[in-house]
Every structure is written in structure tokens, then in C-alpha cells.
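Participant: Residue numbers for the sequence shown follow the numbering used here, beginning at -19 and rising by one.
Don't be surprised by glycine CBs; every beta carbon is placed ideally from N, CA and C.
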Amino acid sequence: MSNDPFLPFDTHLDRDTAQALLNEAVSGADDGELFLERRKSEVLSFDDGRIKTASFDASEGFGLRAVRGETAGYAHSTTIDEQALKRAVATARLAVGDGGGTLAEGPQGTNTRLYSDIDPMSQATFPAKIDLLREMDAFARALDPRVVQVSASLAASHQEVLILRPDGNLVTDTRPMSRINVSIIVEDQGRRESGMAGGGGRAGLSGLVARENWEPMAREALRIALVNLDAEPAPAGVMDVVLGPGWPGILLHEAIGHGLEGDFNRKGSSAFAGLMGQQIAAKGVTVLDDGTIPDRRGSITVDDEGTPGAKNTLIEDGVLVGYMQDRQNARLMGVAPTGNGRRESYAHAPMPRMTNTYMLSGQDDPANMVAELRDGIYAVGFGGGQVDITNGKFVFSCTEAYRVRNGRIGAPVKGATLIGDGATALQKIRAIGNDLALDPGIGNCGKQGQWVPVGVGQPSLLIGGLTVGGAAA
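#1: Alpha carbons only, please: which of E167, G387, R199, D147 is nearest the one belonging to V128?
#2: Roughly how many whole angstroms lie between the Cα atoms of P87 and R333?
#3: With DSSP as the reference, label I204 as helix, strand or coil.
#4: Contact check, L532 vs G237 under 8 Å by CB: the rounded distance?
#5: With three or more beta-carbon pairs closer than 8 Å as the criterion, would you say the region 267 to 283 touches the region -6 to 11?
#6: Less than 8 Å between the C-beta atoms of I399 and G449, yes or no?
#7: Which residue comes first and which comes last in the beta strand (DSSP E) that contains D37?
#8: DSSP three-state label for V384, please.
#9: Taking buried to mean at least 16 other C-beta atoms within 10 Å of its own C-beta, is V367 buried or exposed?
#10: At which residues does the alpha helix (DSSP H) containing L340 begin and terminate?
#11: How many angstroms separate the CA atom of A453 from the CA atom of L446?
#12: May I ask you to list the residues that DSSP assigns as paired with W431?
#13: Can you give me the Cβ contacts of P(-12) inside the same chain, cut-off strictly under 6 Å, excluding the 5 residues immediately before and after it?
#14: Could you tell me if S35 is buried or exposed, where buried requires 16 or more neighbouring beta carbons within 10 angstroms of its beta carbon?
#15: Quick one: give me the first and last residue of the beta strand (DSSP E) that N498 is part of.
#16: Looking at C-beta atoms only, is the number of pairs between the region 433 to 440 and the region 219 to 227 that lie closer than 8 Å three or more?
#17: Hey, how far is the Cα of K247 from the Cα of G271?
#18: Please report the Cβ distance between A201 and S163, rounded to the nearest whole angstrom; I am assuming they are in contact, meaning their Cβ atoms lie under 8 Å.
#19: Report all residues from its chain with a CB closer than 7 Å to the CB of N386; omit the five preceding and five following residues, and keep chain order.
#20: Helix, strand or coil: how does DSSP classify R246 here?
#21: Looking only at its own chain, which residues have a Cβ that is under 8 Å from the Cβ of S341, when we skip the five neighbours before and after it?
#22: Could you check which residue in E115, I260, S377, H233 has the C-alpha nearest to that of I409?
#23: Do the CB positions of T397 and V375 come within less than 8 Å of each other?
#24: Pop quiz: A75 and G43 are said to be a contact at Cβ under 8 Å. What is the actual Cβ separation, rounded to whole angstroms?
#25: Under a three-way DSSP split, which group does F252 fall into?
#26: Go through its chain and collect everything with a Cβ distance to A5's Cβ below 7 Å, but skip five positions before and after it.
Dropping the structure here:
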């Protein structure tokens, strides 16, 4: 695909014609837009001493939406031309019916740019990328004789977006993304364990693939693998837990963040529905969703409806003060959009989604928090998890955790899972560390079959009385 800028109104479609067709689609509707996208993506992986994956994907298309009340008509096409747009108009108008809606005011513009327009894939040749992965593999294998397998991967994408609004405003955004990962498996006396590390963000590859960046990742992956090599079976029971800073914020994202998205609350299906203005968390707990942090994986200069990215406070000193909103749910709930209308691609309608969701630091010393544990778990890393949005119940597996007795960190434990519900866990936070950290740039979030990049973060937290699943104590 060409490296020329994406200019569909110069090459594919007359803008005045597109505007007229969009206005026809939203006549009598409350809202709508024409979303045009071109995306390129590349994934390279080196596994067990050889190239495992080398893929390149390029796509372009449009999505047309007309919204009236709670109903949205959506049509999309990989062909950008007048005939395809006319067919989309006929489909989208099915949601409008006889009309009667009042077209909502369009989003305010912004001159802010949170990331560059750079195409990460253009910064290195294909052979250079392969050489980098081969170098990472050799370095990781040389770190320790117990290393038996190494997987290294590099992923990059370049997304160009144009959003034509019914008022004639055209919103554009160019979004780079890059990520690097390394996974190591070690073996000792017949036992195998693994560790993984990575990072990335909305930036080019040049800094990410620098040796001073990926070498610490490889060492960290090995450290985690070796920790787990010495791990004992996890205890089971109700106990106090200290969560480490940074990536453990994925628990906050899943168990609490999804429950604060506008659509779940408008429909009453969230555990936090109807609790606006009430104390839902311990004092001192302040949670933000912030799409405005430069170069972060979850950041968005504008969302996929054209609303500028924003820094939104969701919980302030334990009190629920806001939900994350797209335009449709905000209008139906009588509030302002918050810049959280996101979609996976032109083939998907937008919905309220998180960007970078994190808890602010408190005043507590993390070392003192661990010292307070009489018999508990210190959880530093997390893998997969499951959450039920309707009641906030979660189950998360720990990838790095330690048993703590009488305030002293002991042996690592394997197979630990944290079980609870978000609303209760928020109330049981007993201490908030002064060490807020964001994740290294590896998060993806799924909702209703759509995946978008996100960020998470938190300080160390002491939570009382979580259920720890594992082997019998």
C-alpha cells in the first residue's frame, strides 16, 4: 500500500457528494458520522531459533452511522466510492425510521497532538527487523544456561482516520503504534517455567528497538521465569493482599473500569449503576481515565466520533463522580461526551471504551504496606482474568506473587488466583502507595468482540480480605 497520505476525498469520493449522502442518512436522526480509515500493520515473531510469523496487513474502508434514540443503523464497506456510500445510506436510515430526532451539536475541535504522524513500519527494513529479533534471541539464550526457549516479537501499525460530521466538519487523526515482546522458558531438573516482558506505545520503532531498551526486557523476562522456577504451590483462603504498582492495574481496569462505562450504566447492567455521587470506594481512592498522556498506548488525540481525548475523573476520594461516555450514551443520560467513543475499525460501530485507566498515588510507603501483612500475598504480576460486569466479580491469575508472613516477603508462589468483586475490593483498600506507575505499553481490551489498545496503572495497594485460590495451605 502507498506511503502517500490517505486522502479519500481526492482519490475515491467527492467530498460534497459524501456530505450530501451523510446528511441524507442522518435526516431526522439524533447523530451520525462517516468514518473513513486506512490501516497498515505488521507482526514479526522469532520463536525457537527461527522466524515463526511474518505478516503484513493493509486495509481501508468506511463506516456510516445514523443514530436515533437507542437505535443505531450502521453500514460499512471496503470499497470507498459513491455507489457503496449510497447503499450504506439506505441501510443506516433503517434506524432513523420516520425521523423526528434533533441532530446533536458536533464535537468541539482541538489543536492538540498527543503523538506524531510517523509510520513505525518505515523506520527499519524487513531484514533489519529480522536481524533484531535474531539478536534478541541470541542475547536471551546467553543470559542463563537454563534458558531452553525464547520467543521475540515486533508489532507495528499505522492508522489514518477521517471523520466527516453532519455539520461539515472534518476531523482527522494519524495514529502510530509499536510494541516489542520477549518470552523466555527456563528448565531445571525437569521443571519448566516462563516469563514475559515487553513494552510499546504510540511512537516509532527507533527508540523501542534500541539495545538499551530491549536488553532490560529480556533480563526481566528471565527474572520472572527464574522466580517461578523456585515457586511453591499457592495457599488458598481469605487473606490480605498487597498489589504491586503498574501492570497490576489491569485488575482495576477489568473489575472496575468496565463497570464505569456509560452504556452498562444507562442500561442498569453495571454493578455501579445508579450510584453516582455515592461513596463506592475507600477514602483516598481516586481513579481517572486519561486519553491525553503523550505517546501512551491508550491515548487518543480524538476518539472515533471526533470528540477530543480527555482526562476524566471517575472516582474522587472514594466517591463516584463520572462515567466514560460516547456521544449516544451521553445524550441519552443527559451528560457531555467524555472522548471515550472508540471502535476497533471502520467495520465496527463506536461504544464507550477506556483509554488509560489508573488510580492516583496515596501517601503510604509500599514497604510499610508489606510489613503490615501478617499472613498474605504480595502480587506483582498478572496474567489473564475474567470479570462479570453485572456484579463485578473477578478471577485473576498471578504471574508473579510471593507469600508474606509476619511482614516478611517469603517464597514465590505459583498458581495463585485472586477472587472477589470490584465494588467490595474498592471498599477494602486499606493503604494506597506513593508509587504510581503506568504499565509498559502492552494492554489490549476486548468488549463485545471489539479490541482496542489501552493503558493501565496504579500505585501499590493493600486490600483486606480477598479470596486467594490456589493449592491447599
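Facilitator: So, to answer that:
#1: E167
#2: 17 Å
#3: helix
#4: The chain is shown from -19 up to 453; residue 532 falls before or after that span and cannot be answered.
#5: no
#6: yes
#7: 30 to 48
#8: strand
#9: buried
#10: Here L340 belongs to no alpha helix (DSSP H), and DSSP marks it neither H nor E.
#11: Caution is warranted here: a pLDDT of 41 is assigned to A453, below 50, making its placement in the model unreliable, and the coordinate value is therefore given only provisionally. Between A453 and L446, the C-alpha separation is close to 15 Å.
#12: G426
#13: L16, I60
#14: exposed
#15: Nothing can be reported for residue 498, as the shown portion of the chain is limited to -19 through 453.
#16: yes
#17: 25 Å
#18: 6 Å
#19: R354
#20: helix
#21: I412, G413, N414, D415, L416, P439
#22: I260
#23: yes
#24: At roughly 14 Å, the Cβ-Cβ gap does not stay under 8 Å, so A75 and G43 are not in contact.
#25: coil
#26: G12, L44, A46, V69, A72, R73
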